[in-house]
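Residue numbers (this note's numbering): 50 to 315.
Heads up, the beta-carbon is just placed ideally off N, CA and C, and yes, glycines get one too.
Keep in mind that this is a model prediction, so the values were computed, not measured.
Structure record follows, encoded as structure tokens.
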């Protein structure tokens, strides 16, 4: 009901991560998962269910290993074929703090290939994926993809969410300028891939531990994020298809209020 009130059209239901052998966990296929999907649809009939599957390169993900890739694609195909879902949301990330340097190039080359293989195996399934911000300014802790890789990824998916948080930006003005730059780049993508839904992603994660270095809630908080996004999209209407919101394990009442104010019922 909260998803419906906030005008949220897609639910990225956590169904991962992949295992080291490329398999998805049993709970992604469980009776509990089926019951959860049924309840979501009963209370929000228009919602589209996209299971989140993914992981971190060098831990759960091994894009340089052909055997892992084959098994992971097979696991994703099984999920799409056997569960009552509307597509897949794929999030495979290279994190500088934990991913091995030797895996950087295999990951950069392997991610577009993985998505192309998945599209070949699932030609009619709605595929969604994520990328970190691609513009200068944000200094994220995840590998940024070059323009050729982004084009290859866009050619294989129906929806792309640009992760515009954990930017390490130090002022609200700098954040707004960088977000405007990102929407300008997305305008170029829109011209080349008009059928792909382009989303800008915000995060509601708690600001703790090492993340404090990358995230300032006064800069990246939901209200300032959406105010900056509105200004950027007013200058370039029709570019951004919507927002993706990535939450912590629990979204509190204040965060829901902010989401209602920015996404749906005020």
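Item to check | Cβ neighbours of residue 247 in the same chain (closer than 7 Å, five flanking residues each side left out) | outcome: 209, 235, 238, 239, 288, 289, 290
Checklist entry - Based on the DSSP output, what are the partners of residue 235 in its beta bridges? => result Partner(s): none; residue 235 has no beta bridge.
Next on the checklist: On the CB-based measure, 16 or more other CB atoms within 10 Å of its CB, does residue 196 come out buried or exposed?
Outcome noted: exposed
Checklist entry - Roughly how far, in whole angstroms, is the beta-carbon of residue 212 from the beta-carbon of residue 143, given that I think they are within contact range, below 8 Å? => result Between residue 143 and residue 212 the Cβ distance is about 13 Å, and since that is not below 8 Å, they are no contact.
Checklist entry - Smallest Cα separation from residue 284: which of 308, 305, 230? => result 230
Next on the checklist: Rounded to whole angstroms, what is the Cα-Cα separation between residue 66 and residue 55?
Outcome noted: 27 Å
Next on the checklist: Just to confirm before moving on: does the CB-CB distance between residue 112 and residue 125 stay below 7 Å?
Outcome noted: no
Checklist entry - Taking the alpha-carbon positions, what's the residue 88 to residue 81 distance? => result Looking at the two C-alpha atoms, the distance is approximately 10 Å.
Item to check | C-beta atoms of residue 145 and residue 99 nearer than 7 Å | outcome: no
Item to check | Three-state class that DSSP yields for residue 76 in the structure shown | outcome: Correct three-state label for residue 76: helix.
Next on the checklist: Let me confirm a value: residue 194 is counted as buried when at least 16 other C-beta atoms fall within 10 Å, else exposed. Which label applies?
Outcome noted: Within 10 angstroms of the beta-carbon of residue 194 lie 16 or more other beta-carbons, which makes it buried.
Checklist entry - Beta carbon of residue 304, beta carbon of residue 267: below 7 Å? => result No, Cβ-Cβ distance for residue 304 and residue 267 is not below 7 Å.
Checklist entry - Is it true that the CB of residue 148 sits closer than 7 Å to the CB of residue 107? => result Contact flag set, yes.
Checklist entry - If we call anything under 7 Å between Cβ atoms a contact, is residue 225 one with residue 161? => result no
Next on the checklist: Please return the same chain residues whose Cβ sits closer than 8 Å to the Cβ of residue 120, not counting the five positions on each side in sequence.
Outcome noted: 70, 71, 72
Checklist entry - If residue 214 sits next to residue 157, beta carbons under 8 Å apart, how far is it from one beta carbon to the other, in whole angstroms? => result Incorrect: roughly 22 Å between the Cβ atoms, too far for contact.
Checklist entry - Between 85, 171, 94, which lies nearest to residue 123 when the distance is taken from Cα to Cα? => result That would be 171, whose Cα lies nearest to the Cα of residue 123.
Item to check | Nearest-angstrom beta carbon gap, residue 128 and residue 64 [assumed within contact, 8 Å] | outcome: 7 Å
Checklist entry - Just curious, the beta strand (DSSP E) that residue 292 is in, first and last residue? => result 291-295
Next on the checklist: If the criterion is Cβ atoms closer than 7 Å, does the pair residue 183 and residue 206 meet it?
Outcome noted: no
Checklist entry - Which runs of the beta strand (DSSP E) fall wholly inside the stretch 122-162 and span at least 3 residues, in chain order? => result 137-142
Item to check | Residue range of the unbroken alpha helix (DSSP H) whose run includes residue 105 | outcome: Counting along the chain, residue 105 falls outside any alpha helix (DSSP H), though it belongs to the beta strand (DSSP E) covering 101-105.
Item to check | Beta-ladder partner(s) of residue 252, from DSSP | outcome: 295
Checklist entry - From what residue to what residue does the beta strand (DSSP E) around residue 177 run? => result Residues 176-181.
Checklist entry - Do you know how far the Cα of residue 59 is from the Cα of residue 114? => result Whole-angstrom Cα-Cα distance: 31 Å.
Item to check | Residue closest to residue 199, alpha-carbon to alpha-carbon, out of 298, 169, 83, 159 | outcome: The shortest CA-to-CA distance from residue 199 to any of 298, 169, 83, 159 is the one to 159.
Item to check | Assumed close pair residue 221, residue 189 - CB separation to whole angstroms, cut-off 8 Å | outcome: That pair is no contact at about 18 Å.
Checklist entry - Using the rule of at least 16 other Cβ atoms within 10 Å of the residue's Cβ for burial, across every protein chain shown, is residue 227 buried or exposed? => result buried
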